[in-house]
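Asker: Below: one structure in structure tokens.
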Ligand code: IPM
Ligand code: MG
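Numbering (the working numbering), first residue to last: 534 to 903.
Structure representation (structure tokens):
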């Protein structure tokens, strides 16, 4: 059996608590001989700043480069509000994305049947929802230069962020999205702001060309990103795969998360280019929710997005889709029994702690396996 090297970066806030539930699952998989994972841990975000005055060290970056996959918890919190911008907790995550060239961020929003009541939207709007947001992750306004605040000397300052996209960046993310659509319901919606932004004009043009050249069998639709956001809450089931840039993807995926019942439900995979020779690709898996400092350490966090992020690692890095399916089934079963973490609380629910939820899901996986 191949041994897979995992780097665990729990980070800040609820990160360590939700990663602990993945460790529980990994320990069991190892003990049973179902899989062989070798794990190592590192610091990132505020935790790294406290120890080393940077949001991620070069040594940790080297470990991330060498790992088969990185499992990331969350970063940030009010404790680090005043640290210099360059070493703020989020900078660690952005360096991991950029240096590992993880340009493709997959954020699947799935509404488990038992949670249709938990969404702030009407159950019929979200029941059976299964959409995939593909967010470009290494370009756009997140990384564009110049990125500055200049003192104009007259009591005014000027802040500049730069939105920039090259053709190849749009082509490669479009291909990831078209490929995914082919394996799903064969429909792709591209979102940008071509009515205001030059980068939107190019985005639209390039996605259209890739479609014409390579993916004519997939249905392609374009929507302006603002209207797309509105459509996401009006009738989300019209979508299959959505492809969009870094900033719009950040916003649209938080919106999509609420369709699933809670931000604590949305996992993500950040993937690099597949190496033609080894067939391997760099990958980082993280829940979309943040560090939730207000509930950190209280056992209130929902570990499901972290667990399903590990499920995405099983699927996309380790070719263990069957096991990932079992994990999904186990989660659906536990939710159907009425178990809920605090974020999902509803009528007749049994509120359990982070560990309680993790244990219940593991028991269910064990039952499915035995
Ligand atoms: C996300 C987060 C990050 C982002 C932050 C923590 C830098 O909001 O992954 O969606 O803006 O990309
Ligand atoms: Mg975000």
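Glycine included, every Cβ here is placed at the ideal spot set by N, Cα and C.
#1: Alpha carbon to alpha carbon, how far is residue 632 from residue 599? Give it in angstroms, no decimals.
#2: Please classify residue 802: does DSSP put it in a helix, a strand, or coil?
#3: Quick one: complete alpha helix (DSSP H) runs, 4+ long, within the segment 846-884?
#4: Please state whether DSSP places residue 829 in a helix, a strand or coil.
#5: Which term fits residue 621, buried or exposed, when burial requires 16 or more other beta carbons within 10 angstroms of its beta carbon?
#6: What residue range is occupied by the uninterrupted alpha helix (DSSP H) comprising residue 888?
#7: Would the beta-carbon of residue 669 be found less than 6 Å away from any heavy atom of ligand 1?
#8: Going straight from the alpha carbon of residue 873 to that of residue 840, what length do you get?
#9: Rounding to the nearest angstrom, what Cα-Cα distance links residue 799 and residue 686 in this structure?
#10: Closer than 5 Å from C-beta to any heavy atom of ligand 1: which residues, in chain order?
#11: Using only the alpha-carbon positions, how far apart do residue 792 and residue 761 sit?
#12: To the nearest angstrom, report how far apart residue 597 and residue 779 are at their CA atoms.
#13: Quick one: using the 10 Å Cβ neighbour count with 16 as the cut-off for buried, is residue 896 buried or exposed?
#14: Taking Cβ to Cβ, would you say residue 726 is nearer than 7 Å to residue 765?
#15: Answer with buried or exposed for residue 763, where buried requires no fewer than 16 other C-beta atoms within 10 angstroms of its C-beta.
#16: Counting pairs of Cβ atoms below 8 Å between the segment 541-548 and the segment 820-831, do you hit three or more?
#17: Among all the DSSP beta bridges, which residues are the ones paired with residue 602?
#18: Assuming contact is defined by CB atoms lying nearer than 7 Å, are residue 777 and residue 836 in contact in what I supplied?
#19: Give the C-beta separation of residue 540 and residue 573 to the nearest angstrom, bearing in mind that I take them to be a contact with Cβ-Cβ under 8 Å.
#20: What does DSSP give as the partner residues of residue 574 in its beta bridges?
#21: Span of the beta strand (DSSP E) holding residue 641?
#22: Does the pairing of the segment 738-746 with the segment 766-773 give three or more beta-carbon distances under 8 Å?
Answerer: With the structure as the only source:
#1: 12 Å
#2: strand
#3: 854-869
#4: coil
#5: buried
#6: 887-902
#7: no
#8: 15 Å
#9: 45 Å
#10: 623, 783
#11: 14 Å
#12: 22 Å
#13: exposed
#14: no
#15: exposed
#16: yes
#17: 539
#18: no
#19: 5 Å
#20: 541
#21: 637-643
#22: no
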